[in-house]
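Here's the structure, in structure tokens; my notes come after.
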Amino acid sequence: AAIITQAAESLRAQFPAMFKPSTSCRAPHLNVDALRNELHKAALLQRRDISSSAELVAWLLQTNESLAARPDEGWRGAGPRPRYSDAVLDKARREGFFLGLGLEWLHADGQVSDK
15 AAIITQAAES LRAQFPAMFK PSTSCRAPHL NVDALRNELH KAALLQRRDI SSSAELVAWL
75 LQTNESLAAR PDEGWRGAGP RPRYSDAVLD KARREGFFLG LGLEWLHADG QVSDK
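In this text, residue positions in the sequence shown follow my numbering: the first is 15, and each later residue adds one.
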């Protein structure tokens, strides 16, 4: 649990504008406690054979980069109502932080798609 706590706090230090105190904050923001809980529930350390907070931070930043490569159309989704608004995507792009756009990336078994 210390590995997860240290990694979550490291992310919050790197991207302070993207973390909010409310556990029910809206995308593209995250709450550090909610992120920590989700990382724990996903059993990420075991699934990815991660043994240090530095390894976990590296994996999270790599995942964030993969998500950043996804075009806006991939984030909007199909259908008449976009999944994420232009304002949400603009903030994610401006801050360089995409981990707050849903948690599907946390449960993916392979590399995160940039599609």
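A virtual CB, placed ideally from N, CA and C, is assigned to each residue, including glycine.
- CA-CA distance, Ala56 to Glu118, rounds to 11 Å.
- With at least 16 other beta carbons inside 10 angstroms of its own, His43 counts as buried.
- By the C-beta criterion, the segment 103-120 is judged to be in contact with the segment 27-41, since at least 3 inter-stretch pairs fall below 8 Å.
- In the DSSP annotation of this structure, the continuous segment of the alpha helix (DSSP H) that includes Thr77 starts and ends at Ser67 to Ala82.
- Leu74 sits close to Ala21, with the two beta carbons spaced by under 8 Å.
- About 19 Å separates the beta carbon of Leu115 from that of Leu70, a gap too long to meet the 8 Å contact definition.
- Cβ neighbours of Ser36 within its own chain (closer than 7 Å, five residues either side excluded): Asn45.
- At a cut-off of 3 residues, not a single continuous stretch assigned as beta strand (DSSP E) sits fully inside the segment 43-67.
- Distances from the alpha-carbon of Leu120 to those of Thr77, Ala101 and Ser67 put Thr77 closest.
- For Ser24, the uninterrupted alpha helix (DSSP H) run begins and ends at Ala16 to Gln28, by DSSP.
- Between Arg50 and Thr19, the CB-CB gap stays under 8 Å.
- Residue pairing from DSSP places Phe33 in a beta bridge opposite Leu44.
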